[in-house]
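Worksheet for the structure shown next.
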Amino acid sequence: MRQRLTARAVVVGDRSGTVVPDAVVDVEDGRIGWAGPAADAPPAGDAEVVALPGLLVPGLVNAHSHAPMVLFRGQGEGLPLDRWLREVMWPREARLTPDDVEVAMTAASAELLRGGVTTSVEMYFSPERIAAAVGATGARAVIAAPMVPLPGMPPLEEQLAAAVDLARGVPDDGSVEYGLGPHAAYTVPLPLLRRAAELAREHGMLLHLHVAETATEGAGLLAEHGLSVPALLAAHDVLGGRVLAAHCVHMDDGDLELWAEYDVAVAHCPASNAKLASGVARVRDMLDRGIRVGLGTDGPASNDGLDLLADVRLAAQLARLREASATALTAAEAFWLATGAAADAIGRPDLGQVATGRRADLVHVDTRDLGFEPVGDPADLLTHLVWSGVPRLVRDVWVGGRQVVAEGAVTTVDAGALRAEVAERAARLAG
Ligand SMILES: [Zn+2]
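Heads up: the sequence shown begins at 1 in the UniProt record's numbering, then just goes up one per residue.
As structure tokens, then:
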């Protein structure tokens, strides 16, 4: 089926912030067949033409998430990290069932789509149930099967083998991809990290882990090995291949040089880092060194939302405050971090931009809103999107050319029923 979308303007999702006014996007077999100015468009032929009054932008790519944690949203508000984990999160997670994960992920996926996020990198228990959930909503996920030494979990070697097995037999439409998610260097033994990295390289899988989220988490490893976590990972052959490191807040120049040398990508999570007072990552320094960076919401229990547009805004604000410079991260760069750059960071060049050949993951944003006036130049539309963009303005969403949000509502699942189910399960898990 061929479809032609016409829009007031297209935001490409590239580094320079290209905005194409009066634009056409042709969709064929789930991919973008042509995109550009209406004046240059090929004949529409027999394509169904849909005229959109607003902006057409790439589906956003959330580079780090534990979305099923919507079940724990807002719980333990204001507690310091260690008490929040011990008293609130871990007791709830100990009661969690695979059914809970699937329901929670379905609800979270609907919420992500509603906010224009079409792909998320998920690291959470019951990865096959996360895949089932995005199958129901029509979203995409790269699911890093988690490896953590928790009571009740199988031995880490078994977790690793099970994760590699999952990767066989996924659909070829790019809707679900499995990666390996060893939690972090301070929680997973180094030989296991090395083995996970080896297997990820062998199978072309994403290796996703947390690095340098807090100032103190690497202290034990530094005392024991005399190396920072990035240097330790390099020394143990964990780096190389598709490696995506979440947070990377506390990185010195040497650590950043290693990231550049091994082409390690960063999932920058400004809202989570701010909420937990972890610090502000050196995004400008990372980009200047050619390090790939994408934005992530992190889990909704530490954000407390899944609103990646809010992270776009916060990333620009925090980078500017950190560098004491209003040019430290431009609005165009901030939006790129949630689209084209995020797709690069997770190793998915088929996503993240409105460009010929990429998958037709598209978001229609309503610009008939006071927050979008005035518009003197088409570039103002991107500026307004970054500084005033909110999920409420997302009208329509397509994933691989299939419409999954229409007139602001998710069409694939029953959001009202999911709300009730999340509330009921969250109450049970709270004990
Ligand atoms: Zn995380």
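Think of the CB as a built atom: it goes at the ideal place given N, C-alpha and C, for glycine as much as any other residue.
With respect to the alpha helix (DSSP H) encompassing residue i, which residues constitute its N-terminal and C-terminal limits?
i	result
Ser109	Pro98 to Arg114
Leu318	Leu308 to Glu323
Ile291	Here Ile291 belongs to no alpha helix (DSSP H), and DSSP marks it neither H nor E.
Tyr262	Asp253 to Tyr262
Val20	Here Val20 belongs to no alpha helix (DSSP H); instead the beta strand (DSSP E) covers Val19 to Glu28.
Glu224	Ala219 to His225
Gly416	Ala415 to Ala430
Glu93	Trp90 to Ala94
Looking at the structure shown, is residue i part of a helix, part of a strand, or coil, going by DSSP?
i	result
Ile346	coil
Arg201	helix
Thr118	strand
Gln353	coil
Thr6	strand
Ala409	strand
Arg195	helix
Leu206	coil
Arg282	coil
His364	strand
Leu329	coil
Leu239	coil
His375	The displayed chain sequence assigns Val, not His, to residue 375. The answer is coil: DSSP assigns Val375 none of H, G, I, E or B.
Ala131	helix
Ala245	strand
Arg358	coil
Val211	strand
Tell me, please, whether the CB atom of residue i is closer than 8 Å to any CB atom in chain B?
i	result
Ala219	No chain B appears in the structure shown, which is made up of a single protein chain.
Smallest Cα separation from residue i: which of the options?
i	options	result
Ala184	Val164, Met123, Leu199 and Gly240	Met123
Leu166	Glu157, Ser278, His203 and Glu128	Glu128
Ala315	Asp288, Gly389, Val280 and Asp344	Val280
Ser126	Gly115, Val148 and Leu113	Val148
His364	Ile346, Gly389 and Ala417	Gly389
Asp29	Ala409, Ala246, Val399 and Thr412	Val399
Leu370	Val61, Ala360 and Leu381	Leu381
Ala245	Gly218, Leu199, Gly294 and Ser272	Gly294
Ala355	Thr97, Val57 and Ala420	Val57
Ala234	Ala223, Trp259 and Ser278	Trp259
Val172	Asp304, Arg140 and Ala427	For clarity, residue 172 is Asp in the given sequence; the question names Val instead. Selected option, being the one with the closest Cα: Arg140.
Asp263	Val238, His250 and Arg284	Val238
Glu177	Gly240, Leu221, Glu198 and Ser120	Ser120
Thr106	Asp82, Ala67 and Arg86	Ala67
Gln3	Ser16, Trp34 and Val12	Trp34
Leu308	Gly59, Val49, Ala44 and Leu52	Gly59
Gly138	Leu55, Ala265, Thr18 and Thr411	Thr411
Ala47	Leu85, Thr6 and Met69	Thr6
Ala409	Arg168, Ser325, Ser109 and Thr187	Ser109
Gly240	Pro21, Arg284, Val12 and His208	His208
Over the uninterrupted beta strand (DSSP E) stretch that includes residue i, give me the two end residues.
i	result
Ala403	The sequence as given places Gln at residue 403; Ala does not occur at that position. Start and end: Arg402 to Ala406.
Asp396	Val394 to Val399
Ala265	Ala265 to His268
His384	No beta strand (DSSP E) contains His384, which is instead part of the alpha helix (DSSP H) from Ala379 to Ser388.
Fully enclosed by the stretch 11–83, which beta strand (DSSP E) runs are 3 residues long or longer? For the stretch 11–83, the full-length beta strand (DSSP E) segments reaching 3 residues or more read 19–28, 31–37, 48–58 and 60–65 along the chain.
Any beta strand (DSSP E) of 3 or more consecutive residues that is wholly inside the stretch 136–184: Unbroken beta strand (DSSP E) stretches of 3 residues or longer found wholly inside the stretch 136–184: 140–147 and 176–182, given in chain order.
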